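Colleague: Quick note on our numbering: the sequence shown kicks off at 26 and runs consecutively.
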Amino acid sequence: MTKILTIDDEIEFTTLMQAYFEPRGYEVLVANDGAEGLRIAKKENPEVCLIDLKMPGLHGDEVLREVLLHNPSIKCIMITASEGEGKTSEKLKEMGAYTCFDKPITSLRNLENTIKEALNGG
Ligand SMILES: [Mg+2]
Numbered sequence: 026m027t028k029i030l031t032i033d034d035e036i037e038f039t040t041l042m043q044a045y046f047e048p049r050g051y052e053v054l055v056a057n058d059g060a061e062g063l064r065i066a067k068k069e070n071p072e073v074c075l076i077d078l079k080m081p082g083l084h085g086d087e088v089l090r091e092v093l094l095h096n097p098s099i100k101c102i103m104i105t106a107s108e109g110e111g112k113t114s115e116k117l118k119e120m121g122a123y124t125c126f127d128k129p130i131t132s133l134r135n136l137e138n139t140i141k142e143a144l145n146g147g
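1. Pull the bridge partners of D127 from the DSSP assignment, please.
2. Which ranges does the beta strand (DSSP E) cover as unbroken runs of at least 3 residues, wholly within the segment 53-79, from first to last along the chain?
3. Take V73 and list the residues in its own chain whose beta-carbon comes closer than 6 angstroms to its own, dropping the five residues that flank it on each side.
4. For a test of the three-state rule: what should DSSP assign to T113, helix, strand or coil?
5. Decide yes or no for the touch test of the segment 82-92 against the segment 51-60: beta carbon pairs closer than 8 angstroms, at least 3 of them.
6. Going straight from the alpha carbon of M80 to that of T105, what length do you get?
7. Just checking my contact of I32 with D77 at CB under 8 angstroms: how many whole Å lie between their CB atoms?
8. Of the choices K116, N96 and H95, whose alpha-carbon is the least far from that of M103?
9. Give the single residue among P71, D34 and M42 whose Cα lies nearest to the Cα of S132.
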């Protein structure tokens with residue numbers, strides 16, 4: 026079963042990810058802060074990490090860096106605020122993020138398709 030780790034300080038978001046992906050056959054691991062997310066990523070080696078950029082404590086870009094240092098094959102999708110931060114998105118991709126999604130996510134099906142693409146080496 027494909028393991029997805031969702032790291033977000035908003036419980037509503039991680040709950041939504043569980044509600045959407047679990048019935049579709051994914052195992053969904055949840056962390057509500059960056060440090061916890063990093064700990065779980067290192068222990069569980071999920072295929073995919075959904076990482077919120079703006080979190081108190083360990084920020085999403087630091088989590089991204091640490092996750093990829095630990096295991097570069099984990100596909101990291103960054104969840105960013107929709108502020109037209111094209112520069113942020115470019116920077117995150119340069120750091121190794123697979124892609125970025127703006128919050129609120131308007132299409133969970135798009136997110137799922139992106140995850141499938143990432144897993145198929147796209
Ligand atoms: Mg946040």
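Heads up, the beta-carbon is just placed ideally off N, CA and C, and yes, glycines get one too. Every value quoted in this text rests on a predicted model; they were computed, and no experiment measured them.
Modeller: On the basis of the data shown:
1. T105, per the DSSP bridge assignment.
2. Runs found: 73-77.
3. Cβ neighbours of V73 within its own chain (closer than 6 angstroms, five residues either side excluded): I29, K100 and I140.
4. T113: helix per DSSP, three-state reduction.
5. By the Cβ rule, the segment 82-92 counts as touching the segment 51-60, because three or more pairs are nearer than 8 angstroms.
6. Rounded to the nearest angstrom, the two C-alpha atoms are 11 angstroms apart.
7. At roughly 6 angstroms, the Cβ-Cβ gap stays under 8 angstroms, so I32 and D77 are in contact.
8. If we check each option's Cα against that of M103, K116 comes out closest.
9. Measuring from the Cα of S132, the nearest candidate turns out to be M42.
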